[in-house]
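Just below is one structure, and these are the notes that go with it.
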Amino acid sequence: MKPCRSMLYIPGDSPGMIQHAPVFGADSILLDLEDAVALTEKDAARKMVACYLKYYDFKNLIVTVRVNGADTEFFDDDLKEIIPCAPAAIRIPKCNGPQDVLAADRKIEALEKENSIPVGTVRIHAMIETAVGLENAYLIASACPRVQALTLGGQDLTADMGVQKTKEGWELFYARSRVVVAARAAGVDVYDTVWADISDKEGLLKESKLIVNLGFTGKAAIHPDQIETIHQAFMPNEKEFRKAARVMEAAENAKKEGKGVISVDGKMVDAPVVARARHLLELADLYGFERSGS
Amino acid sequence: MDMSVNSLGRSVPMYLPGVGHFSPYTSPFAMLGKPAASAAPMQLRRPMPARSKVVADIEKAVELSGLKDGMTISFHHHLRNGDAVIPMVLGVLQKMGFKNLTFAPSSIPDAHDCIADYIRSGLITRLYTSGVRGELGKLLSAGEINIPVVIRSHGGRARAIEEGSISIDVAFLAAPACDCLGNITGHTGPSACGSLGYAITDSKYARYVVAITDNLVEYPLHPKISIPQHFVDSVVCIDSLGDPKKIATGAARITRNPVDLRIAKDSFRLMKASGIVEPGFSFQMGVGGASLAVAKYLEEYMKEKGICGSFGLGGVGGYMASMLEEGLFSTVFDVQSFDSAVTKSMTENPNHIEIDASWYANPFNAGCLVHNLDCVILAALEVDTDFNVNVLTGNDGVLRGASGGHQDTAAGAKLSIVVAPSFRGGVPSIKDKVTTVTTPGETVDAIVTERGICINPAREDLLASALKAGLPVADITELKKEVEKLTGIPHPAEYDYDKVVAVVEYRDGTLIDTVYGRK
Numbered sequence: 001m002k003p004c005r006s007m008l009y010i011p012g013d014s015p016g017m018i019q020h021a022p023v024f025g026a027d028s029i030l031l032d033l034e035d036a037v038a039l040t041e042k043d044a045a046r047k048m049v050a051c052y053l054k055y056y057d058f059k060n061l062i063v064t065v066r067v068n069g070a071d072t073e074f075f076d077d078d079l080k081e082i083i084p085c086a087p088a089a090i091r092i093p094k095c096n097g098p099q100d101v102l103a104a105d106r107k108i109e110a111l112e113k114e115n116s117i118p119v120g121t122v123r124i125h126a127m128i129e130t131a132v133g134l135e136n137a138y139l140i141a142s143a144c145p146r147v148q149a150l151t152l153g154g155q156d157l158t159a160d161m162g163v164q165k166t167k168e169g170w171e172l173f174y175a176r177s178r179v180v181v182a183a184r185a186a187g188v189d190v191y192d193t194v195w196a197d198i199s200d201k202e203g204l205l206k207e208s209k210l211i212v213n214l215g216f217t218g219k220a221a222i223h224p225d226q227i228e229t230i231h232q233a234f235m236p237n238e239k240e241f242r243k244a245a246r247v248m249e250a251a252e253n254a255k256k257e258g259k260g261v262i263s264v265d266g267k268m269v270d271a272p273v274v275a276r277a278r279h280l281l282e283l284a285d286l287y288g289f290e291r292s293g294s
Numbered sequence: 001m002d003m004s005v006n007s008l009g010r011s012v013p014m015y016l017p018g019v020g021h022f023s024p025y026t027s028p029f030a031m032l033g034k035p036a037a038s039a040a041p042m043q044l045r046r047p048m049p050a051r052s053k054v055v056a057d058i059e060k061a062v063e064l065s066g067l068k069d070g071m072t073i074s075f076h077h078h079l080r081n082g083d084a085v086i087p088m089v090l091g092v093l094q095k096m097g098f099k100n101l102t103f104a105p106s107s108i109p110d111a112h113d114c115i116a117d118y119i120r121s122g123l124i125t126r127l128y129t130s131g132v133r134g135e136l137g138k139l140l141s142a143g144e145i146n147i148p149v150v151i152r153s154h155g156g157r158a159r160a161i162e163e164g165s166i167s168i169d170v171a172f173l174a175a176p177a178c179d180c181l182g183n184i185t186g187h188t189g190p191s192a193c194g195s196l197g198y199a200i201t202d203s204k205y206a207r208y209v210v211a212i213t214d215n216l217v218e219y220p221l222h223p224k225i226s227i228p229q230h231f232v233d234s235v236v237c238i239d240s241l242g243d244p245k246k247i248a249t250g251a252a253r254i255t256r257n258p259v260d261l262r263i264a265k266d267s268f269r270l271m272k273a274s275g276i277v278e279p280g281f282s283f284q285m286g287v288g289g290a291s292l293a294v295a296k297y298l299e300e301y302m303k304e305k306g307i308c309g310s311f312g313l314g315g316v317g318g319y320m321a322s323m324l325e326e327g328l329f330s331t332v333f334d335v336q337s338f339d340s341a342v343t344k345s346m347t348e349n350p351n352h353i354e355i356d357a358s359w360y361a362n363p364f365n366a367g368c369l370v371h372n373l374d375c376v377i378l379a380a381l382e383v384d385t386d387f388n389v390n391v392l393t394g395n396d397g398v399l400r401g402a403s404g405g406h407q408d409t410a411a412g413a414k415l416s417i418v419v420a421p422s423f424r425g426g427v428p429s430i431k432d433k434v435t436t437v438t439t440p441g442e443t444v445d446a447i448v449t450e451r452g453i454c455i456n457p458a459r460e461d462l463l464a465s466a467l468k469a470g471l472p473v474a475d476i477t478e479l480k481k482e483v484e485k486l487t488g489i490p491h492p493a494e495y496d497y498d499k500v501v502a503v504v505e506y507r508d509g510t511l512i513d514t515v516y517g518r519k
């Protein structure tokens, strides 16, 4: 699967935005049925998102849907309407422990079977946005194979922690680190929370670079204008790219020659380094890096 | 009506009763590169020396002007929707019993629905303008009122005045600052509007010029004079030229609309790919939506690369004025200012130069500025697969736009980019044939939508550059089909082809299209 650096939030009750989703250059979108939709509009938004999923050509966008929480009256209806449309993933808000994920997994599986969709097609993105959820992050990430990613919900988490969300983001530093480690340990992707100040691109770039360095695989965007900045942060630098190319070349040669040991620039490299190199080259492809001459 | 088909396949009349004969459009530069044509004479006057030209009121000025039924009156539209002068003067003329006048303003502000009433009353029986909107557009497009209407671009109007196709008898010029002998500027005063570019042309050629001011200043007006006293016959003082808030609006901000921003970004990337953004480059943009947003990306790039352009041109808004201030252009030529920030720049920055409509865009002079443009960004109501552009009529065929400098700048610029969302309100913007051609596709190099960049097949070099830069190039016919998958294909409006509502001139005076009454 191609790297998914950006995930653009689009309110589920905004047809004007949904119809333009493929033109903004995001790697993925999240059609939101939860916080972006007023209580009185939940039904309408759910039906509209389902219609778009069924009939609209999102081109090569990865389309995910955030449903309302399992503790709301909307959760079951959301799943019943959306799962038959087989989006790439469902984002489950406020996952406090593996039981939340497993409960959703069972419901999704039943709906997949009911609708003749191969079981496991619709993945789960589990939102970590409570202190208890953070403590259980690894258990959530590894609860079942359907989990594809952890996503950090900064606004709700800071509220739950009783602290202010700041631009500097130190209040989220531990949470970010914890979520990344949990996701990496479970072998799933991990998305960072949104940057709320649309006009502050410098701040967004700084935060995006930070989360890239922490190990996040993607970041949420609340405005299309943020996508390019997020992608800028994920761009490998020339030196990293060249080294990754050499690692992959060495790995391919070693495979051909049946060697178990890979050596680059006179140093041994092991499997995680090769995996990172592969990821960097996939990223580099998105930026049009030329591999020749590497 | 004797009709002919022009080179774009559009039927146009050869003769318009009460106006005269026309030729069909053939190609953008067909009328250029030829021996000089004769021009309208400039009016000589022989008044007795006077120390003041101030008269009691508009009625008195009208009496002195010798205005008679059947004559031509002109106005400028620099006060935009804040203008109170046009309705005021027309009200006086109506009260004085005039009829059968040719109304020839540089354009008609959106708010002036009263013009429809004066057409109904018979005060106005011919209309020459750049654009028509609102109630007036609906009235004319209904085909119920049979008066000849000629739509001209800003450059085309200057040409028509200078060659005598529009012979202005009396010009009523709103004057934000004026002295007792008629020196005028738009730079200062409670109703300051910036450039008086269109009014300057009228003042030079009108048989009689009335300055109407709410700001009579001590003689001589200083430090800048836009229209000198030797072109002005009478001065009338009134309480107010209009609503200053609507005359000098705040500077237009860069849009946050993500579709417009996407279009703007791709337009800028195309400019960059074309290699045109280099030191000494010249540029014109619009003052809203995607067109203005291009400036945001251009500004960042010019700053980063240390590029100083030669000149900015327009239709100038606050953003262009700030780019001048930042040293990104050495000069701004301003025929029409759009907001209050521009007025300040005109007053304080000697490199912000007021120009008249002829200098701006008249194709029949020794060198208009649009012919020196490297790049222009233009908006559109509709485009078609031949790259023709419509900025005059809506999808329903009703007059609701203005030709402005569109066809002038598209013809003159080395790179003319038309920006448009691929659909608006569920209606696709790309048609097989635009409702009305105002700018011929031969002068449009690219159409940029949020769903792709369409490059005119005649510009193979530009296509190669765009592809090399990895831009999202789309075939216009394919893009049209893609958009129609979303929107469906609207039923075309139906017209009564016996009712010619307006003719649309190309900048050289040939007819490029005809607007018909709706069925």
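Each protein sequence line maps, in turn, to chains A and B.
For the first sequence, the working numbering gives the first residue as 1, with consecutive numbering after it.
For the second sequence, the working numbering gives the first residue as 1, with consecutive numbering after it.
All residues carry an ideal CB built from backbone N, CA and C; glycine is no exception.
As the structure is a computational prediction, the values presented were derived from the model and not from experiment.
Item: Let me know the secondary structure DSSP gives E163/B once reduced to three states.; Value: helix
Item: May I have the straight-line CA-CA distance separating L381/B from E494/B, to the nearest angstrom?; Value: 18 Å
Item: Extract the residue ranges of the beta strand (DSSP E) inside the region 450-475 of chain B, only unbroken runs of 3 or more that lie entirely within it.; Value: 452-455
Item: Based on the DSSP secondary-structure assignment, which residues constitute the bridge partners of F423/B?; Value: P428/B
Item: In the DSSP output, which residue or residues are listed as bridge partners for P24/B?; Value: L511/B
Item: Once the 5 residues before and after V473/B are set aside, which same chain residues still bring their CB inside 8 Å of it?; Value: G452, I453, C454, I455, L463, A466 and L467
Item: Using a Cβ-Cβ cut-off of 6 Å (strictly less than) and excluding sequence neighbours within five positions of A411/B, which residues of its own chain qualify?; Value: P28 and T443
Item: Can you confirm whether V259/B, when its beta carbon is compared against all beta carbons of chain A, has any partner nearer than 8 Å?; Value: yes
Item: Taking only beta carbons into account, state which residues of the region 204-238 of chain A come closer than 9 Å to chain B, listed in chain order.; Value: H223, P224, D225 and E228
Item: I need the straight-line Cα distance from C368/B to L313/B, nearest angstrom please.; Value: 11 Å
Item: Does the Cβ-Cβ distance between L261/B and D225/A come in under 8 Å?; Value: yes
Item: Helix, strand or coil: which one does DSSP assign to I227/A?; Value: helix
Item: Along the chain, where does the beta strand (DSSP E) that runs through S267/B open and close?; Value: That residue, S267/B, is in no beta strand (DSSP E); its alpha helix (DSSP H) goes P258 to S274.
Item: Are the C-beta of T24/A and some C-beta of chain B separated by less than 8 Å?; Value: The displayed chain sequence assigns Phe, not Thr, to residue 24/A. So, interface residue.
Item: Whole angstroms are fine: how far does the CA of L216/B sit from the CA of T102/B?; Value: 29 Å
Item: Where do the ends of the alpha helix (DSSP H) carrying M268/A lie?; Value: Unbroken run through M268/A is the beta strand (DSSP E), K267 to V269; no alpha helix (DSSP H).
Item: So if DSSP puts S199/A in a beta bridge, which residue, or which two residues, is it bridged to?; Value: None, per the DSSP bridge assignment.
Item: Starting from A126/A and walking both ways along the beta strand (DSSP E), at which residues does that stretch end?; Value: R123 to I128
Item: Using the three-state DSSP reduction, which class does T72/B fall into: helix, strand or coil?; Value: strand
Item: Along the region 279-291 of chain A, what residues have a CB closer than 8 Å to any CB found in chain B?; Value: G288
Item: Any idea what DSSP makes of M7/A, helix, strand or coil?; Value: strand
Item: Looking at the secondary structure, which residues open and close the beta strand (DSSP E) in which D498/B lies?; Value: Y495 to E505
Item: How far does the alpha helix (DSSP H) with M161/A in it extend, from its first residue to its last?; Value: G154 to M161
Item: List, from N- to C-terminal side, the beta strand (DSSP E) runs of 3 residues or more that fit wholly inside the region 303-351 of chain B.; Value: 309-316 and 329-337
Item: Rounded to a whole number of angstroms, what is the C-alpha to C-alpha distance between G293/A and T193/A?; Value: Its pLDDT being 45, under 50, G293/A is placed unreliably in this model, and the coordinates cannot settle the point.
Item: How far does the beta strand (DSSP E) with I29/A in it extend, from its first residue to its last?; Value: S28 to D32
Item: Going by C-alpha to C-alpha distance, which of S208/A, G215/A and D197/A sits closest to R178/A?; Value: G215/A
Item: Do you know offhand how far P148/B's Cα is from L139/B's?; Value: 13 Å
Item: If the cut-off is 7 Å on Cβ atoms, which residues from the region 439-452 of chain B count as contacting chain A, listed in chain order?; Value: E450 and R451
Item: For H112/B, I'd like the list of residues in its chain whose CB is within less than 8 Å of its CB, leaving aside the five on either flank, ordered along the chain.; Value: D83, I86, P87, G134 and L136
Item: Using a Cβ-Cβ cut-off of 8 Å (strictly less than) and excluding sequence neighbours within five positions of F74/A, which residues of its own chain qualify?; Value: L33, K42, R46, V67 and N68
Item: Taking C-alpha atoms, which residue in L39/A, D100/A, S263/A and Q232/A lies nearest to A284/A?; Value: Q232/A
Item: Secondary structure at F241/A, three-state DSSP: helix, strand or coil?; Value: helix
Item: DSSP has I108/A in a bridge; who is on the other side?; Value: Paired residue(s): none; I108/A is not in a bridge.
Item: For T40/A, which of helix, strand or coil comes out of DSSP?; Value: helix
Item: Taking CB distances under 8 Å as the criterion, tell me whether C20/A reaches chain B.; Value: Per the sequence presented here, residue 20/A reads as His, with Cys not at that position. It does: the Cβ of H20/A has a partner Cβ on chain B nearer than 8 Å.
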